[in-house]
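For reference, the structure discussed in these notes is given below.
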DNA sequence: TTTAAGATGGACAAAAATGTCCGATTCAAA
DNA sequence: TTTGAATCGGACATTTTTGTCCATCTTAAA
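Here's what the structure looks like:
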């Protein structure tokens, strides 16, 4: 239902959000989130173009969130790499009817709108908020003690 | 968000549902729903294997719903061609934690569950039910009079 | 029995998504 | 000023999805 690219982008920003005021090298992020290094590089470039992250080049550079995790929503991240497309007209493209949708596409678009909203109102900060026992990422070599669930 | 194949499958069964006790040839369905004939043939085979439709071979054959539109849900159709996959374990595959998900994947799976439910509880009959002014399909050459919206 | 309408399914082609490689560029620190 | 760490971005490879073609099998009607 969600593309690999979206998954990758979300894992990456979640990793960045843990320490968001410093740049993190692609390689570090890739290691931590277990994804192909060079593909992540492309994903980060997309996130950069969309203004979700900043690129700091040169030594000790890397990527960094442009805003506090409480300001960034999951929808921003998703739309940066693989925009959620609402259905705003009949996919059959028949002429002669207005902006109304037939029942099928009305249903489909309702579902899309709901998931869009679910992500529009979820910030990265909420994801990381660990008042509960869960954590969004955990290092591989440090097995979790209780419910230290990995991303 | 939804694949072309899903769109096609839904259009096709919506077309079949309008007159579900007779078989309809692939070519007829393809014309009416504006999709590639030969690709639809593959989609119909998948729907057939999944038990959503029956194939009647030979002259005057075609495809036909196996059950009344009120018995068939959108989810059945979707799952027949492109199953909705729930997230039931950490995609990173890290060992050492149970069946719990981290916050990110919990959110993602919540969204998936909601759309799954939206389709589980919508039948084809509901889609066709035209107490309202909308109709799920309309012929191209007959321009709609009021709000006769096309699929 | 012949014929035409129709599904079946294998093979292939095209396009999109995903993944890999590497040289060029940028910048900070030594 | 040199060097090393890092992004940038083009080229290419692989895989999946989507689309096309066609020979074969099946059945009803003529």
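Residue numbers (this note's numbering), protein chains in the order written: chain A, 128 to 278; chain B, 128 to 278. For every residue, glycine included, the Cβ atom is placed at its ideal position computed from N, Cα and C.
Neighbour flag for residue i against chain A, beta carbons, 8 Å
i, result
"residue 163 of chain B", "no"
"residue 137 of chain B", "yes"
"residue 250 of chain B", "no"
"residue 234 of chain B", "yes"
"residue 141 of chain B", "yes"
"residue 179 of chain B", "no"
"residue 174 of chain B", "no"
Expected contact under 8 Å - CB spacing of residue i and residue j to nearest Å
i, j, result
"residue 214 of chain B", "residue 239 of chain B", "7 Å"
"residue 196 of chain A", "residue 250 of chain A", "6 Å"
"residue 202 of chain A", "residue 246 of chain A", "4 Å"
"residue 167 of chain A", "residue 153 of chain A", "6 Å"
"residue 160 of chain A", "residue 184 of chain A", "At roughly 22 Å, the Cβ-Cβ gap does not stay under 8 Å, so residue 160 of chain A and residue 184 of chain A are not in contact."
Neighbour list for residue i in chain A, Cβ cutoff strictly below 7 Å
i, result
"residue 192 of chain B", "Chain A residues near residue 192 of chain B: none, gap ~15 Å exceeds 7 Å."
Closer than 9 Å at the beta carbon, the chain A residues around residue i
i, result
"residue 242 of chain B", "128, 238, 239, 241 and 242"
Interface flag, residue i vs chain B, CB-CB below 8 Å
i, result
"residue 201 of chain A", "yes"
"residue 196 of chain A", "no"
"residue 134 of chain A", "yes"
"residue 150 of chain A", "no"
"residue 212 of chain A", "yes"
"residue 245 of chain A", "yes"
"residue 167 of chain A", "no"
Neighbouring residues, chain A, relative to residue i (Cβ below 8 Å)
i, result
"residue 254 of chain B", "230, 231 and 234"
Is it a yes or a no for the stretch 171-181 of chain A touching the stretch 197-212 of chain A, going by three-plus beta-carbon pairs under 8 Å?
-> yes
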